[in-house]
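Residue numbers (the numbering used here), protein chains in the order written: chain A, 5 to 402; chain B, 573 to 763; chain C, 7 to 635. Even glycine gets a Cβ: it sits at the ideal position worked out from N, Cα and C.
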Amino acid sequence: MGFNKLINYKKLISLFAVFALLGTNMLMAQDAATPATTASGPDVAGKSSVWLGVGYYVLLFLVLCFVVAIIGKILRVYELTQQMQKKKTLNWNNVMGTICIIFLVAGLGGAYWSLTEQGSMTLPEAASLHGVKIDNMFLTTTILTLIVFFITQILLFSFAFIYKGSDKRRAYFLPHNNTIEKVWTIAPAIVLTILVVFGFFTWQEITNITDGKGQSSIDIEVTGHQFAWELRYPGKDHKLGAHSYKLIGGANKLGVDFKDKASFDDQTADTLVIPVNKPVRLNIEAQDVIHSVYMPHFRVQLNAVPGLPTYFRFTPTITTNQMRTKLDDPKFEYLLYCNKICGGGHYNMQKVVRVVSESEYNEWIAKQKPYLSDALKGELKLAAEKKNTLNNRLALNN
Amino acid sequence: MAQIQQEDKMALGPKKFNMWIFIFTSFMFFAALTSGFIVYSGGRGHGINLKLPNVFMYSTACIVISSVTMFLASKAAKSLQFAKQRQYLWLTMLLGVLFFIIQLIGWSQLINMGVYFVNNNASQSFIYVFTGMHLIHIIAGLLLIANTLRGSYKNIPQVKNLFGMEMSSIFWHFIDIIWIYLYVFLLLNQY
Amino acid sequence: MSTIAVQDHGHGHAHHEDGHGHHHDTFLTKYIFSQDHKMIAKQFLITGITMAFLAMIMSILFRIQLAYPDKSFPFLETLLGHFAPEGHISPDFYMSLVTIHGTIMVFFVLTAGLSGTFSNLLIPLQVGARDMASPFMNMLSYWFFFMASIVMLSSFFVQTGPASGGWTVYPPLSALPKAMPGSGTGMTLWLISMVLFVASSLMGGINYVSTVLNMRTKGMDLWKMPLTIWAFFLTAILGVLAFPVLVAGVVLLIFDRSFGTSFYLSDIVLNGQVMPYEGGSPILFQHLFWFLGHPEVYIIIMPAMGIASEVMSVNSRKPIFGYHAMVYSLIGITVLSFIVWGHHMFVTGMNPFLGGVFMITTLIIAVPSAVKTFNWLATLWRGNIRFTPAMLFAIGMVSFFISGGITGIFLGNAALDINLHDTYFVVAHFHLVMGSAAIFGMLCGVYHWFPKMFGRMMDAKLGYLHFWLTFIGAYLVFFPMHFMGLDGVPRRYYAFTEFESMKRWLSVNVFITWSAIVAGLAQVAFIYNFIHSIFWGKRTVQNPWNANTLEWTAPIEHFHGNWEGEIPTVYRWPYDYSKPGAEHDFIQQTVPFSQTMESNLPEDFEDNEGALEEQQKWANTQRANEQVK
Ligand code: HEA
Ligand code: HEA
Ligand code: CUA
Ligand SMILES: [Cu+2]
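So, in structure tokens, the structure goes:
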């Protein structure tokens, strides 16, 4: 009877294979054909083919369930017959133990593959001074944790394999062992102390910026709103003018306050251009909701919080051109993205960042538009006039 | 056996313990609000910037006295003087309602001072939040007392009466203390 | 939905006689407004599983969008209507899906579903009580949870869609109804649901703490409690202390949204309109949220740890290694978890010094976690491992916890977090440690205590299939995400097509999505097994796993009160497995030492001089007898 089922089972498997192969082929063919049909006619054909696809996958799944059910039945029948013949049945402890060890080997292989293959797709070297420190920290942490990772996972699954159950054996009664417990409390504590100390100093170096506003670094204001970034450069006086959210409106997109003389020469720009090897201080603002200035290549991130101006100071070290040759990608650009959920357009709130040599920077900045554009001047004049007439009227009333 | 079960099931001790834990959660809630206040006013440099209306002193006196009457009610219940117990419970409820009303008067005085709930200095909004959230507890406390009172009129078994008495007095003393905490907190942060 | 399931199951379950004479349960009081902790546990479980499936389907839906951002899927339009115009999920609805997926998984599945089910089932049964301290409150706890679930799901029927500001609902995004569609009615419903949910959690938690402290049976001192009870107890304490803080945060948020106060809002210009808010601090909300939010993640993992400890000990046929250390590490985690919340806020512009402090406390938490991990490994060592599905899930839980915990070490480092915050590295971290480890802990519990709940066994072979597919599937889904994070790919992105540099991750995304679909389909094996076994599973014996704990001394049949006659007395700790000299490889907690003279050890009498003398006397006579022979 078990034998019968077994034949049945083989037939089914091959049937299933044929079905899967043919079906997939057909779907592929349709997929290839869809562009043609949609290009020529209404996309009814395309739609129905997708529905066909859904139907196909549902069917595939049902067939799979069926196969699983059959295999289950066969196992049951096999075990029953073995039992009836007083023979040993399948020992699930052994089966599972073996799968554990197979999983361990395959998993280690997979982890290694992933670390090399996908690991190589991660960010290139840090393009900023402090970024190098972060990368060092990262390397240390990775090495230490990977050692722990591999050791513990290997122990876990090999123990599962080695000590798989058997009726002939009893487990070793070992409720506790104070020495070894102390060892493995103290050992991780030491590793973590290393990480904490190293990390704490790295963090301090990055965030502890002693020099005040505008000294020896270029002040640039980055303002986030749904869903774009606005830039303001300080102009010749190296000072950003004051601003207030209440003044936002019309052409004054950043609410710059022109009572402050420092604001007269402020400039706007479309691209965040910064000179290499010079400290840059990003003054970060937001107008509506929280955004986050994220420039992964420089290892820079700080949230832009409405009502809470923040800043991040860093020094880029690799120009865009250098990075292009390094990565062998002529189209490479540094980017600034938004990294805090801020609404439907959150996924596309980017700004190109370009690191250039100092001379290129000077050349570029000279060409940037003043913030106080003609349109803005017009608006300000209008507002001033209105105020004057208002004042006059008040004066008259008095 | 069924008897054992019934007693087990009433689990009065653990239920009283429940009340204590609830008081803990409630306390955490107010602690969170006051911490929020500290973070807010510390970070922003906005204090409350006003002198609290004097009525809050009267309301404080009111609730402190109500705690005393509550204690007397408990004592009366323990010595089986149910009429006295009821009397004191009524008194406590009265004082509770009075407290409620005085708080509302306090609000109206604040509004007359130009201190609104919707306010660009959220430190001032916090006054309303503290008192308002506390008033919700007062309502709960009054309901508890009313329940005890109802039980006492219905002549329920003394165990249950005492139990209800104890539950409501624990809670009432707690909201008394919370109010004092909030009031002192506000006084300390007036400017 | 879930009530119906509960009712249906009711018919299948034999109508046993109470034999107790106290009032007769009607259908309504027995299956719906039941005050019996076992029934409430089942209600929590079934509602939790239902919510888990819904949230899982949501994850598949948004994974489809991530894998095929350019393709249109007409069936999505059929399914989702105007949320997926022309077969494309809209960006706003994508956010809603992610938000509700996260909320449901964190709160409804792993807080209510996990603690609610197993604390309810096991606390009275394992400490030896007839029910919770307040069965009525317990019932209310379930019904508040049920209402919270309904309110949360009902937000899908709102025109503007469910809440979509992420499960952390940071204001101003969540506070300004005009900031995104989901911040309108959807957000209001989210807040209502959360308040109901917190009420439910608090009522549950209060009961659990009180029951554990007050209603233990004779002999059950704290150091004789199974680790599950310790874990549930400490979890409940965490919840009781942390949830009120969330309420405080939410109350202020509601005022900001509906009354126009400015607790969290300041200097806002929305759509060119200057808003009147001034002086608020968005960071304040983050502090309040994470003061709950971080303990919350341990509320999630600790019951899973307790369950895994218990199951590993039972199925290794070995005492849990370092029982005291296990308890102390749980306590350590509980205490530490209150002072690390700032690690979610390293880059919010918080004071950098504070950041440094939070970094230290965060990394210290790895020490108790390490102790637990190593103790689990030592429990397996020289065990006699019985691979039940529950055991496999426990092993899987440990594996995931190691992987996910280790990535937490990266994030906990403030300097590294600058570049990792809000990238897929974080997504990978918390899915491993929560979406995998904690879920596995829960599944482990379901497989292990199913016989206790339903009086029948689940099918082991389907369990094996379920385990391996889910285990491998979850690793395939979440492992590659680390590398996306290390490449700076942000989370909560609707599509990666707008950035040239992210396009190369599309193939990985397709792979992840398909792995997720396979892992998702594997859950069909679970659900089939679960439902089928409730009605037609093999009937269980009283103690199917040969376990020591008290719940297996209670009769299979359920009735309100758990034990007929007196509640058994407890004499020993719950981990006397494979004790040398003992007749069987397990000795239940109810067996007095006087019956096991052959296997008693000097440690067993640490605070019991009299018994020790007795034991020595016995040993002497034994020796004398031997000599006579
Ligand atoms: C069950 C849930 C759970 C658990 C248990 C943890 C555990 C930990 N988490 Fe995680 N975490 C989350 C759920 C969880 N987390 C969630 C949901 C988020 C994101 C929320 C959001 O933003 O949406 C998050 C985010 C998060 C962040 C913020 C990231 C960011 O947004 O920028 C950080 C940063 O510090 C962090 C750290 C840690 C640490 C250090 C642990 C530690 O407890 C881990 C300890 C464990 C181990 C270390 C492994 C075992 C130990 C050993 C094998 C011994 C040896 C090890 C060493 C010597 C290194 N987590
Ligand atoms: C328990 C928590 C949990 C679980 C199980 C999952 C499961 C999954 N999650 Fe989820 N996820 C979160 C919690 C969880 N997630 C949170 C908190 C967020 C953040 C939300 C936010 O940003 O606001 C998030 C966000 C999130 C993102 C990021 C979206 C973005 O930022 O744009 C992605 C992307 O792929 C994702 C994918 C998945 C997938 C594919 C699955 C799975 O489908 C994987 C495959 C299936 C399994 C591994 C089996 C799970 C088993 C069950 C569900 C049955 C359970 C039954 C019992 C336990 C009895 N999730
Ligand atoms: Cu702006 Cu996200
Ligand atoms: Cu955390």
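Determine, using beta-carbon pairs with one atom in the segment 329-338 of chain C and one in the segment 467-478 of chain C, whether at least three such pairs fall under 8 Å.
-> no
What does C/Asp493 reach in chain A if we use C-beta pairs closer than 8 Å?
-> Met125, Thr126, Leu127, Pro300
Please look up how many angstroms separate the CB atoms of A/Gly259 and A/Val293, rounded, as I've assumed it's under 8 Å.
-> For A/Gly259 against A/Val293, the beta-carbon gap comes to about 17 Å, at or over 8 Å, which does not count as contact.
Classify C/Arg578 as buried or exposed, calling it buried when 16 or more other Cβ atoms lie within 10 Å of its own Cβ.
-> buried
Proximity test, Cβ basis, 8 Å: C/Met81 and chain A = For clarity, residue 81 of chain C is Phe in the given sequence; the question names Met instead. Yes, its Cβ sits closer than 8 Å to a Cβ of chain A.
With DSSP collapsed to three states, give me the class of A/Val226.
-> strand
Residues that A/Ser118 contacts on chain C, provided the C-beta gap is smaller than 9 Å | Phe485, Pro486, His488, Phe489
Measuring from the CB of C/Val112, is there a heavy atom of ligand 4 at a distance below 7 Å?
-> False, no ligand heavy atom lies under 7 Å from that Cβ.
How big is the Cα-Cα spacing for C/Arg69 and C/Thr519?
-> Computed Cα separation, rounded: 5 Å.
Nearest-angstrom Cα separation, counted from C/Tyr304 out to C/Val3 = What the structure shows of chain C is the stretch from 7 to 635, and residue 3 of chain C is not part of that stretch, so it cannot be assessed.
Taking 8 Å as the CB-CB limit, is B/Ile593 close to chain C?
-> yes
A/His350: beta carbon under 7 Å from a heavy atom of ligand 3?
-> yes
Contact set for A/Tyr338: own chain, Cβ-Cβ below 8 Å, skip 5 residues either direction | Ala131, Met299, His301, Phe302, Thr324, Met327, Val356, Val357, Arg358, Val359
Verify the contact flag: C/Ala396, CB atom, against every heavy atom of ligand 2, threshold strictly below 7 Å.
-> no
Around the Cβ of B/Trp751, are there at least 16 other Cβ atoms within 10 angstroms (buried) or fewer (exposed)?
-> Buried: at least 16 other Cβ atoms inside 10 Å.
Return the CA-CA distance between C/Ser199 and C/Met153, expressed in angstroms with no decimal places.
-> 8 Å
Evaluate the contact criterion for the segment 310-329 of chain C versus the segment 545-561 of chain C: three or more CB pairs, one atom per stretch, below 8 Å.
-> They touch, by the three-pair rule.
Test: A/Lys243 CB closer than 8 Å to a CB of chain C | no
Mind checking the segment 651-665 of chain B against chain C and listing, in chain order, the residues whose C-beta falls within less than 7 Å of any C-beta there?
-> For chain C, none of the residues of the segment 651-665 of chain B brings a beta carbon within less than 7 Å of one of its beta carbons.
Taking only heavy atoms of ligand 6 into account, decide whether any of them is closer than 7 Å to the Cβ of C/Gly108.
-> Of the ligands this structure carries, namely ligand 1, ligand 2, ligand 3 and ligand 4, none is ligand 6.
Give the interface partners of B/Lys732 over in chain C, defined as CB-CB distance under 8 Å, in chain order.
-> Near B/Lys732 there are no residues of chain C at all, since even the closest Cβ is about 15 Å away, more than 8 Å.
Mind pulling the chain A residues with CB within less than 7 Å of C/Asn425?
-> Ile138, Pro300, Arg303, Gln305
C/Glu609: buried (16+ other C-beta within 10 angstroms of its C-beta) or exposed?
-> exposed
Is the beta carbon of A/Val309 less than 8 Å from the beta carbon of C/Pro574?
-> no
Validate contact between the segment 732-752 of chain B and the segment 701-720 of chain B using beta carbons, cut 8 Å, 3 pairs | yes
Could you please give the first and the last residue of the uninterrupted alpha helix (DSSP H) stretch that includes A/Asn287?
-> Where A/Asn287 is concerned, there is no enclosing alpha helix (DSSP H), although the beta strand (DSSP E) it sits in stretches over 284-290.
Alpha-carbon spacing of B/Gln730 relative to A/Ile184, whole angstroms = 58 Å
Using the rule of at least 16 other Cβ atoms within 10 Å of the residue's Cβ for burial, across every protein chain shown, is B/Tyr725 buried or exposed?
-> B/Tyr725 is classed as exposed because its beta carbon has fewer than 16 other beta carbons within 10 Å across all chains shown.
Can you tell me whether DSSP reads A/Thr41 as helix, strand or coil?
-> Unreliable placement is indicated for A/Thr41, whose pLDDT of 41 sits below 50; no coordinate value is reported for it.
Are the segment 129-138 of chain C and the segment 215-235 of chain C touching, with three or more C-beta to C-beta distances below 8 Å?
-> yes
C/His349: CB within 7 Å of a non-hydrogen atom of ligand 4 | Taking 7 Å as the cut-off, one finds at least one heavy atom of ligand 4 near enough to the beta carbon of C/His349.
What residues in its chain sit with their C-beta under 7 Å from that of C/Val346, if we drop five residues either side in the sequence?
-> His300, Phe364, Thr367, Thr368, Ile371
Excluding five sequence neighbours on each side, which residues of the same chain lie with their C-beta closer than 8 Å to the C-beta of C/Leu342?
-> So the qualifying residues of the chain are Thr367, Ile370, Ile371, Pro374.
Could you name the residues that DSSP lists as bridge partners for A/Ser296?
-> A/Asn307
So does A/Val309 have its beta carbon nearer than 7 Å to some heavy atom of ligand 1?
-> no
Taking 8 Å as the CB-CB limit, is C/Ser287 close to chain B?
-> yes
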